[in-house]
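2 protein chains.
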Amino acid sequence: MAGFGDHIRNAREALAATDPRFSLRQVAQRIDVEPAYLSKVERGLVPPPSEATIVRLAADLGEDGDVLLAMAGKVSSDLQAIILRRPKQFAELIRQLKNAPNHAIVKVVREVRDGKW
Amino acid sequence: MAGFGDHIRNAREALAATDPRFSLRQVAQRIDVEPAYLSKVERGLVPPPSEATIVRLAADLGEDGDVLLAMAGKVSSDLQAIILRRPKQFAELIRQLKNAPNHAIVKVVREVRDGKW
DNA sequence: TCCAGTGTTGACTATGTAGTACACACTCCA
DNA sequence: TGGAGTGTGTACTACATAGTCAACACTGGA
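In the order they appear, the protein sequences are chains G and V.
In this text, residue positions in the first sequence follow numbering that gives the first Met the number 0: the first is 0, and each later residue adds one.
In this text, residue positions in the second sequence follow numbering that gives the first Met the number 0: the first is 0, and each later residue adds one.
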């Protein structure tokens with residue numbers, strides 16, 4: 000398993016290779032945490048940051064917020080809020096899709112988007 | 000808004016009306032918390048319990064676990080686990096269904112269950 | 001050569017979460 | 001009439017979360 004820390008370190012260093020603005024210290028400053036903390040996060044010495052910090056980090060590195068949150072074992076709170084409004088319906092839907100192939104979910108998304116309901 | 004505490008107090012007292020096994024103390028004992036704590040939970044003096052405790056409580060009172068968790072502002076961790084395996088797909092799906100009418104979600108559930116994918 | 005910028009170490013802290021422990025007061029019914 | 005069972009008030013605790021802060025050692029360019 001790649002792990003949250005490894006992933007963002009790799010992502011950041013890839014960017015840093017061509018752009019000095021992606022040093023650990025400068026990223027830390029932009030996302031408003033101490034360099035020491037980001038260093039520990041990247042090396043997995045501390046658990047992944049809070050949702051808000053992960054989101055800022057994802058934005059800075061040009062990564063997908065939902066995916067980065069997932070690597071940290073978290074589900075975006077805006078998704079949670081949607082689920083919480085209709086817990087029964089969404090619980091059933093999600094459990095139903097547990098073992099569905101990826102393309103099935105994508106297809107459902109498309110159908111809903113195209114208003115086939 | 001009804002609130003978590005009010006809801007379970009109502010549910011418990013309704014059961015207690017015909018069955019003495021649903022006194023606050025006896026329920027507390029079965030779900031393995033102190034009576035004082037359950038008392039405070041029911042009156043909203045403390046935040047709702049942990050997921051595990053809510054699940055035991057729901058089972059004891061014959062309530063829907065997902066709904067009770069939702070009233071506590073929590074999404075069941077087994078649902079989270081499903082989402083976390085494919086964060087992108089589920090994030091898109093859920094956001095797409097944010098404003099969909101209830102029957103649309105139910106319909107999707109049915110279609111998936113019936114293997115229309 | 002020196003210093004600006006780099007990553008890192010170790011100690012510490014504030015807030016939130018999820019309760020326990022124990023005593024108190026009331027009621028009812030045997 | 002007194003004891004079993006009821007709900008409640010107050011104080012306290014253990015652990016997790018989400019970081020800060022100050023100081024250290026290394027490196028590359030002016």
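Ideal placement from N, C-alpha and C gives every residue a C-beta, glycine not left out.
Assigned exposure category for residue i - 16 Cβ within 10 Å defines buried
i	result
L68/G	buried
V73/V	The displayed chain sequence assigns Lys, not Val, to residue 73/V. The residue is buried, with at least 16 neighbouring Cβ atoms inside 10 Å.
L44/V	exposed
E11/G	Note on identity: in this sequence residue 11/G is Arg, with Glu being the wrong assignment. Answer is buried; the Cβ neighbour count reaches 16.
C-beta contact flag for residue i and residue j at 8 Å
i	j	result
V26/V	L37/V	yes
D65/G	K87/V	yes
A13/G	S22/G	no
R84/V	Q95/G	no
L92/V	A90/G	no
V107/G	V32/V	no
E50/V	S76/V	yes
Same chain only: Cβ atoms within 7 Å of residue i, ignoring 5 sequence neighbours per side
i	result
V40/V	G4, P47 and P48
R29/V	D59
P34/V	L23, R24 and A27
T52/G	I30 and V32
R70/G	Position check: residue 70/G holds Met in this sequence, whereas Arg was assumed. Within the same chain, M70/G has close Cβ partners F3 and H6.
I104/V	L96
Residue i (DSSP reduced to helix, strand or coil)
i	result
E33/V	coil
D59/G	helix
T52/V	helix
A96/V	In the sequence under discussion, the amino acid at residue 96/V is Leu, which differs from the Ala named in the question. The answer is coil: DSSP assigns L96/V none of H, G, I, E or B.
V45/G	coil
K87/V	helix
A1/G	coil
K106/G	helix
Beta-carbon proximity list for residue i, same chain, < 8 Å, skipping 5 on both sides
i	result
I7/G	V40, E41, L56, L60, E62 and L67
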